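In the numbering used here, the protein residues as written are 69 to 507.
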């Protein structure tokens, strides 16, 4: 029975990755809008998505003088950049502030999880067509259609999808991300379709040979044509499962010291996996870090969540820097919105914070973004932007520009409509004040 189950799993895995391998063969360059490489600084993006909406007051915009009803008695600490303070919950990131910039005036005014997520991922107001998220667009425009040769798909999500809307929107299904599943902190990171914790590589190879012996159809047809494509894609899929590409997900290849640096928990090891993926050449990696919807007992939740964020994100920034990858890798960390600055002390909230889209914070680093800067400003209670409001289309458009993708270019679409990759900039414009000057 166990052999049958493992054999069935192998067939399913090959089926998944035959379709992935076929993506490269099916790519039609004419379907994709021209992109500009002028001014491109970044080759990859790591998105750390704080699913649920993190409080800006307990992360990157503390207000120590706002009073207990706003800050809960928690303090700000000085970073290694004079004049920039962040929450006391983030001591390790405080020592890395020269590597990142903080946007303290993000805004869109939407308090719904689904609609705010859509805004922050597409730069567009919800309603009408469902546009693709930035990961799908970059996966398309830096993927197989433009010469990406990696065996791993160009858009990876660790480890669960956001689930708030269709991430590919109106794009061809071939641009869907590979959602890994599994737990990077487990003894074996069981990536769906690539790594099965219960099947060794030796057993996979035996199963492959067994599959060939029962492939009666293949013995009656000539090679080439559609069957030839299928066989070729199958070979590529097996090479991914059993070859060097699949080993990118094998975190046991890292030293104990490196794994401990990131933190031996799901988030820390996801950050380590993301570094390995961009090192391999994957252009877009998302880490979906859930648990930030702190309506109740907010401060207790923050103590736990922020310690993991602090260790994992600070290790990622330092590791990318040490390997010479930070200059070419954009790291951004945000949720769909912030949390209401005034704490809900009454029952049933017992010290919770509610959804808040008027003003919140985002961290951005690397790939042509300067470090050691604070963009914009909120008022003394973090309720409203008072300087340099930054809208989602400004933020995402800046990432596209640094990736060498023209935000004003036509978005490929099956309807053949003249749709831009990004809507027009707001009056405040893109974040060019924190672009690094070209060498």
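For glycine and all other residues, C-beta sits at the position ideal for the given N, C-alpha and C.
Source: prediction; values computed, not measured.
Fewer than three beta-carbon pairs drawn from the stretch 234 to 243 and the stretch 489 to 506 are found closer than 8 angstroms, and the two stretches are therefore not classed as touching. Looking at 153, 173, 152 and 191, the one whose alpha-carbon comes closest to that of residue 454 is 173. For residue 208, there is no enclosing beta strand (DSSP E); the enclosing alpha helix (DSSP H) has its first and last residue at 202 to 209. With distances taken between CA atoms, residue 438 lies nearest to 166 out of 124, 166 and 142. For residue 433, same chain residues with a beta-carbon under 8 angstroms away, outside a window of 5 residues either side, are 167, 168, 169, 385, 394, 398, 399, 400 and 439 in chain order. Annotation for residue 430: the continuous beta strand (DSSP E) segment containing it runs 428 to 433. Here residue 363 has 417, 420 and 422 as same chain residues with Cβ atoms under 7 angstroms from its own Cβ, once five neighbours each way along the sequence are excluded. Excluding five sequence positions before and after residue 369, the CB atoms of its chain that fall closer than 6 angstroms to its own CB belong to 362, given in chain order.
Comparing alpha-carbon positions, the option among 203, 179 and 140 lying closest to residue 194 turns out to be 179. Annotated as proximal: residue 113 and residue 352, with beta-carbon spacing under 7 angstroms. Scanning 497, 480 and 496 for the CA closest to the CA of residue 213 turns up 480.
The C-alpha of residue 451 is placed about 8 angstroms away from the C-alpha of residue 408. Excluding residues up to 5 positions away in sequence, 121, 181, 184, 185 and 188 lie with their Cβ nearer than 7 angstroms to the Cβ of residue 404 in the same chain. A Cβ-Cβ distance of about 12 angstroms is found for the pair residue 487 and residue 475, leaving them out of contact under the 8 angstroms criterion.
For residue 354, the enclosing beta strand (DSSP E) covers residues 352 to 358. The three-state reading of DSSP puts residue 332 in coil, since its state is none of H, G, I, E or B. Just so you know, the alpha carbons of residue 313 and residue 222 end up roughly 12 angstroms apart.
Close CB contacts of residue 468 within its chain, under the 7 angstroms cut and outside five residues either way in sequence, are with 475, 489 and 490 (chain order).
If you draw a straight line from the Cα of residue 332 to the Cα of residue 427, it comes to about 33 angstroms.
In the structure shown, the three-state DSSP call for residue 147 is coil.
A distance below 7 angstroms between beta-carbons, with the five flanking residues on each side excluded, links residue 446 to the following residues of its chain, in chain order: 129, 172, 173, 427, 452, 453 and 454.
Residue 115 sits away from residue 323, with the two beta carbons spaced by 7 angstroms or more. In the DSSP annotation of this structure, residue 254 is not part of any beta strand (DSSP E), being labelled neither H nor E. Runs of the beta strand (DSSP E) lying entirely within the stretch 146 to 203 and spanning at least 3 residues, in chain order: 153 to 155 and 168 to 174. In this structure, residue 374 lies near residue 157, with their beta-carbon atoms less than 7 angstroms apart. The Cβ atoms of residue 244 and residue 236 sit closer than 7 angstroms to each other.
In the DSSP assignment, residue 402 falls within the unbroken beta strand (DSSP E) covering 397 to 402. For residue 468, the three-state secondary structure derived from DSSP is helix.
In this model, residue 117 and residue 357 are separated by some 6 angstroms (Cα to Cα).
Cβ contact annotation for residue 387 (same chain, cutoff 6 angstroms, sequence separation greater than five): 343, in chain order. In the three-state DSSP reduction, residue 342 falls in the helix class (H, G or I). Here residue 242 carries a helix assignment [DSSP, helix/strand/coil].
DSSP, read as helix, strand or coil, puts residue 222 in coil. Of the residues 382, 206 and 414, the one whose Cα lies closest to the Cα of residue 163 is 382.
Residue 462 counts as buried, since at least 16 other C-beta atoms from the protein chains shown sit within 10 angstroms of its C-beta.
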